[in-house]
Amino acid sequence: MTKILRIDSSARTEGSVSRQLADRYMARLSGDVTHRDLAIGLPHLDAAWTGATFTPPEARSAEQHAALALSDELLAEVQAADTIVISSPIYNFTIPSTLKSWLDHLARVGVSFQYTENGPEGLLGDKRVVVVIASGGVPLGSPMDFATPYLKQMFGFMGIGDVAFVGAAGPDAIAEAEAAVDRLAA
Ligand SMILES: Cc1cc2nc3c(=O)[nH]c(=O)nc-3n(C[C@H](O)[C@H](O)[C@H](O)COP(=O)(O)O)c2cc1C
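Below, the structure written as structure tokens:
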């Protein structure tokens, strides 16, 4: 069965445009769904986390394994997924800090990327990412949009090149975004 990972990141759990667009897309998918709602918060990286990742896996202490437990869990969800559906608002020209934190937990040398003679190589493999974004007015692809280039870069860095974006820039753009969601391949 297809595995779908859904990540929501709007702080609003009611009346969120990005969540509504993700609901619409999810209704077209069938599979086994894992859901992470980042509105409840996600810890930022800390000294214990960075210390643990700088330590080779076989040399990690029990405390260091514990410091990476959430990161391991988030990575396992991504590794298992065929499709990842992300809903995000634009906050201050980019993604919410919770979504940034989620990406920080995923970017692990030796797990999601590695350095080779030819430069960095992504390890997360063949998956599809669909990102639905709501903003108050900043259009995706405009010079004020720091969200989509960043997300493309991060997923590309981790080996995922298939990233589709749909944006609703303000209330007047919701119908158009809904139509764009409907045009996305299921
Ligand atoms: C803290 C905060 C910062 C925001 N910053 C921006 C911004 O920089 N540019 C913009 O176009 N809209 C901005 N907005 C508006 C939101 O992107 C817009 O309300 C969007 O619909 C939020 O997504 P949601 O409906 O899924 O909650 C901001 C809203 C909040 C609450």
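Add 3 to the 1-based position in the sequence shown for our numbering, that's all there is to it.
Where is the CB? At the ideal position from N, CA and C, for every residue including glycine.
Quantities reported herein were computed from a predicted structural model and do not represent experimental measurements.
Contact check for Val-114 against Leu-126 passes: the beta carbons are separated by less than 8 Å. Nearest to Leu-48 by alpha-carbon distance, out of Arg-111, Phe-168, Ala-189 and Leu-8, is Arg-111. Here Arg-9 really is in contact with Val-88; their C-beta atoms are around 5 Å apart, less than 8 Å. Distances from the alpha-carbon of Phe-116 to those of Thr-5, Ala-189, Gln-23 and Gln-156 put Gln-156 closest.
Ile-177 and Ala-183 do not touch by the CB rule: their CB atoms are close to 11 Å apart, not below 8 Å. Secondary structure at Arg-111: coil, using DSSP grouped into helix, strand and coil.
Nearest to Leu-109 by alpha-carbon distance, out of Asp-129, Gln-82 and Ser-12, is Gln-82. Looking at Ser-91, Gly-173 and Phe-168, the one whose alpha-carbon comes closest to that of Ala-42 is Ser-91. In this structure, the straight-line span from the alpha carbon of Leu-102 to that of Ile-93 is close to 11 Å. Phe-158 is classed as buried because its beta carbon has at least 16 other beta carbons within 10 Å across all chains shown. Contact between Ser-12 and Ile-98 holds: their C-beta atoms lie close to 7 Å from each other, under 8 Å.
Arg-22 sits in a helix when the DSSP states are folded into three classes. Looking only at Thr-53, Leu-78 and Leu-77, the smallest Cα-Cα distance to Glu-66 is reached by Thr-53.
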